[in-house]
Structure formats: structure tokens, C-alpha cells
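Asks: Residue numbers (this note's numbering), protein chains in the order written: chain A, 297 to 417; chain B, 297 to 417.
#1: Drop a sphere of 10 angstroms on the beta-carbon of residue 330/B, count the other beta-carbons inside from all chains shown, and report buried for 16 or more, exposed for fewer.
#2: Mind listing the chain B neighbours of residue 282/A? Cutoff is C-beta to C-beta under 7 Å, in chain order.
#3: Terminal residues of the continuous alpha helix (DSSP H) containing residue 298/A?
#4: By the 10 Å Cβ neighbour count, where 16 or more other Cβ atoms means buried, how is residue 386/B classified, buried or exposed?
#5: Grouping DSSP H, G and I as helix and E and B as strand, with all else coil, what is residue 355/A?
#6: Apply the 10 Å Cβ neighbour rule to residue 404/B and answer buried if 16 or more other Cβ atoms are within range, or exposed otherwise.
#7: What number of angstroms, rounded off, separates the C-alpha of residue 378/A from the C-alpha of residue 410/A?
#8: Residue 382/B CB to nearest chain A CB: under 8 Å?
#9: Give a yes or no on whether 8 Å exceeds the smallest Cβ distance from residue 367/B to chain E.
#10: What are the boundary residues of the beta strand (DSSP E) that includes residue 372/A?
#11: Does the beta-carbon distance from residue 371/A to residue 408/A come in below 8 Å?
#12: Less than 8 Å between the CB atoms is what I'm expecting for residue 309/A and residue 319/A, so what's the real figure, rounded?
#13: Could you tell me whether the Cβ atoms of residue 364/A and residue 402/A are closer together than 8 Å?
#14: Who are the Cβ neighbours of residue 368/A in its own chain at under 6 Å, not counting the five residues just before and after it?
#15: Look at the Cβ atom of residue 313/A, then the Cβ atom of residue 324/A, and state whether they are nearer than 8 Å.
#16: Any C-beta of chain B within less than 7 Å: which residues of the segment 382-410 of chain A qualify?
#17: Taking the CB atoms as reference points, tell me whether residue 390/B and residue 375/B lie closer together than 8 Å.
#18: What in chain A is Cβ-close to residue 324/B, meaning under 8 Å?
#19: Taking 8 Å as the threshold (beta carbon to beta carbon), is residue 352/B in contact with chain A?
#20: So, residue 353/B versus residue 356/A, is the Cβ gap smaller than 8 Å?
#21: Thinking just about the alpha-carbon of each residue, which of 316/A, 298/A, 315/A, 344/A is nearest to the one in residue 395/A?
#22: On a Cα-Cα basis, can you pick out the residue from 397/B, 388/B, 328/B, 338/B that is closest to residue 347/B?
#23: Would you say residue 316/A faces chain B, with C-beta separation under 8 Å as the test?
#24: Give a yes or no on whether the minimum CB-CB distance between residue 340/A and chain B is below 8 Å.
#25: Any beta-carbon of chain A closer than 8 Å to the one on residue 417/B?
#26: Going by DSSP, what residue range makes up the alpha helix (DSSP H) through residue 331/A?
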């Protein structure tokens, strides 16, 4: 957590126990981008297998609570919508809600992703 | 790029030049999460100074094109809206559009962030 923060999100509440205690997080918190990157790893290595790979166009991300040191995360993915491309008959956009939960089953991240996927014409 | 992808987004188009050439990216592409993490680093180290730090609640992220090996990125931040909290007189939500541009001034990421900020009651 601290190594990721030192490289990508060097703020006191991600780096220092004491500073974090006095921050809005009331204790050391992972960078949301670390949660996002770990979620991607779990998603790539897990059950969401898409032909051509996971190609993200973007999406809506929420961090309802931070990931903490020692947390164990898992990911649940739900297909929300499949939107065929209007211009390209062999493409569609897949809307997937990727929820990252800690060991207490509390969501630490909800990412409603738009993925570019191949489609039969 | 490859080190980040190997840890967090191990897909062929982020890891292998030849596989990437034959993918939708038509060449090696950084993970979107690497672009996001690098953007956070530029934002934290740059001009967007907020009392209490940058505390992200979430937001809308878009990757209109990938970051490529050798790209030089910079970030432009624009305050879009300030929404005072209804329940907490000393808090507000700051909507900021954080655009990450490559050396050709092409956006590689547009993140419309919601930040939790302190406010005078």
C-alpha cells in the first residue's frame, strides 16, 4: 500500500500511520487507484473472460470506503447491458458492474465499466 | 508500462509488442489504470492544492486513446462545480475535470472527479 502510494499517490493518509489517524480516513488508507489496480488484476485473472481481452473505454467509479492494510478483497462482476454498435456490426459495448468487496463484504469500489467487445455481425 | 501491467493488468496488448500489434490497440498500450495512477501522481504533485488533501469519492473516467511507450503526459484540471453538503455545513463536493494529455495534446484520459473538500460553515 505504501509503495504504491509513494509512487502514484504520495499523500500523508496513504503513507503515514500517524498522519492518517488524524485525517478524514481515521487510519491508513490505500489509494483508490491501488484498489482500482488490484481490482483489475482480480478481474483479469478471474471469471470475466471476454474475447480479445478486457478493453475499457471508461466508466463510473465510486469508492464508498477505503481499502485498509490487511484487507482481503474479492470481486463480483455483473453484466448490466449489452449495447450493439450502431456503426460497426462486429462491435458492442458491454456495461459491467464490477464490485470490489473486503472481507466484511463491504464494497470498497464499485466500477460500472464500459468495455469494447467483439460481436457476431 | 510492462512492469505495471505485469502486476495489475497482465493482458497481452499491455505486455508484448507483437501481440499488441495484432490487437485492437495496434501496438503496445499502457493499462488505463497506469494512466490513471500516473495522472494521480501529476495531480498530487501539481497545482490542485486542496486543504486536507485530494480525497476522491469517485467519478466518471474515460480513456479516449491509450498511453504509448515514450509518451510525455501532462494534466489540466478545471473546477466544474462546488456542491455544498446538505447535512454537513463544513463539507462540500468539488467536481473537477482532470484531463490527461499526451505530447500531441491528445487526451488519453478524462476523469471528472468528485472530491470531498472542507468548507467554511
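Built from N, CA and C at the ideal position, the CB exists for glycine as well.
Replies: In brief:
#1: So residue 330/B counts as buried.
#2: Absent from the model: residue 282/A. The displayed extent of chain A is 297 to 417, so no value can be given.
#3: Secondary structure note for residue 298/A: its alpha helix (DSSP H) is the uninterrupted segment 298-304.
#4: By the 10 Å Cβ count, residue 386/B comes out exposed.
#5: Look at residue 355/A here: in three-state DSSP terms it is strand.
#6: When all chains shown are included, residue 404/B counts as buried.
#7: Between the alpha carbons of residue 378/A and residue 410/A lies a gap of roughly 10 Å.
#8: Using a CB distance cut-off of 8 Å, residue 382/B does not count as an interface residue toward chain A.
#9: Looking at the structure shown, chain E is missing, and the protein chains on hand are A and B.
#10: 370-380 is the extent of the beta strand (DSSP E) around residue 372/A.
#11: The answer is no: Cβ separation not under 8 Å.
#12: Contact flag correct, Cβ pair sits at about 4 Å.
#13: At least 8 Å separates the beta-carbon of residue 364/A from that of residue 402/A.
#14: 399, listed in sequence order.
#15: For the pair residue 313/A and residue 324/A, the CB atoms are nearer than the 8 Å cut-off.
#16: Shown here is that no member of the segment 382-410 of chain A has a Cβ falling below 7 Å from a Cβ of chain B.
#17: Less than 8 Å separates the beta-carbon of residue 390/B from that of residue 375/B.
#18: Result: empty, since nearest Cβ-Cβ is about 13 Å, beyond 8 Å.
#19: For residue 352/B, a Cβ of chain A is located within less than 8 Å of the residue's own Cβ.
#20: No, Cβ-Cβ distance for residue 353/B and residue 356/A is not below 8 Å.
#21: It is 344/A.
#22: Relative to residue 347/B, the option among 397/B, 388/B, 328/B, 338/B whose CA is nearest is 388/B.
#23: When Cβ-Cβ separations below 8 Å define contact, residue 316/A makes no contact with chain B.
#24: Output row for residue 340/A: interface = yes.
#25: It does not: the Cβ of residue 417/B has no partner Cβ on chain A nearer than 8 Å.
#26: Run containing residue 331/A: 328-341, per the alpha helix (DSSP H) assignment.
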